[in-house]
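Here's the structure, in structure tokens; my notes come after.
In my numbering, the protein residues as written are 10 to 314.
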């Protein structure tokens, strides 16, 4: 995340006008692990650090660390709830939020976090995931059925056109629910969900994909037969890497097995951990599939009454 000098100045002024040095350092340490203000400034331990100098140093260190939006989240939290029962009014908070919005972020009030606002600036990690770190994520995998036969039957131009349209459809559905496309390999891909009710958002995206693909086949598809897909949702820990090929994840390996071995054509299957979050309104759309003596999956298909 590229930090503007204006944002850095707002953070520095906000700190120096809102709190003492001890609280500044304590808050900085919640964002930068092991943060030591004396070590960063070079001041002798027996000399108090001036408030303005401390604030400037912390703002500069936050900018270098790439965590300045996380610190802004913390300032909003402190302004709302105080520290250890003591109210703390954070100065220049509207200016800090506005500047982050200028940089392409929006504040999700219900979750107390800044995420990418969208548009062309979308990244795989929402602008907040750190390279190599482990996160709890939900994944939606889609695969176009019969790729080899389609490539043989239709011209390369038509196949590319249809596959690009399916990708665009999938991406739009996923991003509408704050998901991100992590991989696409011509005939299918994987999307990740991190925020909010991520299991529900992934499952709803898969359900919508089946419905939208039905409409696409009905009115737009140039093939003589409908495009068919298999979809699967699974959730679990996964390391984040910008390069998808570097990711080594049991969660993603299991997702691939579930989609390729247990998802029927034009269906979505979800794992029990995902199904448990569906709630009364959504679970009725899924039926249980026994895939082994001790294991169940849950399937959704378009049904006509």
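Built from N, CA and C at the ideal position, the CB exists for glycine as well.
Check: CB of residue 23 within 9 Å of CB of residue 99, strictly; Outcome: yes
Check: Check whether residue 124 and residue 117 have beta carbons under 9 Å apart; Outcome: yes
Check: Outcome for residue 216 when other beta-carbon atoms lying within 10 angstroms are tallied against a minimum of 16; Outcome: buried
Check: C-alpha distance - residue 198 paired with residue 29, whole-angstrom precision; Outcome: 50 Å
Check: As assigned by DSSP and simplified to three states, the class of residue 273; Outcome: coil
Check: Distance, residue 164 Cα to residue 171 Cα; Outcome: 11 Å
Check: Opening and closing residue of the beta strand (DSSP E) in which residue 150 lies; Outcome: 143-153
Check: Residue 97 (DSSP reduced to helix, strand or coil); Outcome: coil
Check: Residue 194 - containing beta strand (DSSP E), residue span; Outcome: That residue, residue 194, is in no beta strand (DSSP E); it is neither H nor E in DSSP.
Check: Beta-carbon proximity list for residue 82, same chain, < 7 Å, skipping 5 on both sides; Outcome: 121, 122, 123
Check: Secondary structure of residue 12, DSSP reduced to three states; Outcome: coil
Check: Per-residue burial, residue 181 [other beta carbons within 10 Å of its own, 16 or more giving buried]; Outcome: exposed
Check: Three CB pairs or more closer than 8 Å across the region 52-72 and the region 84-95; Outcome: no
Check: Chain D within 9 Å of residue 96, Cβ atoms only; Outcome: Of the protein chains in this structure there is only one, and it is not chain D.
Check: Top-ranked residue by Cα proximity to residue 296, from 277, 313, 286; Outcome: 277
Check: Pairwise C-alpha distance: residue 80 and residue 102; Outcome: 12 Å
Check: Residue environment, residue 14, which counts as buried when at least 16 other CB atoms sit within 10 Å; Outcome: exposed
Check: Inter-residue spacing [alpha-carbon to alpha-carbon] between residue 78 and residue 209; Outcome: 26 Å
Check: Unbroken alpha helix (DSSP H) run spanning residue 3, endpoints; Outcome: Residue 3 is absent from the model: the chain starts at 10 and stops at 314.
Check: Reduced DSSP category for residue 2 - H, G, I as helix; E, B as strand; rest coil; Outcome: Because the chain spans 10 through 314 in this model, residue 2 falls outside it and cannot be assessed.
Check: Cβ shell of residue 20 (< 6 Å), same chain only, five flanking positions each side left out; Outcome: 68
Check: 6 Å CB neighbourhood of residue 52 in its chain, flanking five on each side removed; Outcome: 58
Check: Bridge partners - residue 122, DSSP secondary structure assignment; Outcome: 117
Check: Beta-carbon gap between residue 41 and residue 76 smaller than 9 Å; Outcome: yes
Check: Identified DSSP bridge partners for residue 247; Outcome: 144
Check: Bridge-paired residues (DSSP) for residue 296; Outcome: 308
Check: Given residue 60 as reference, the closest of 32, 54, 45 once Cα atoms are compared; Outcome: 32
Check: Between the CA atoms of residue 175 and residue 151 - distance to the nearest angstrom; Outcome: 10 Å
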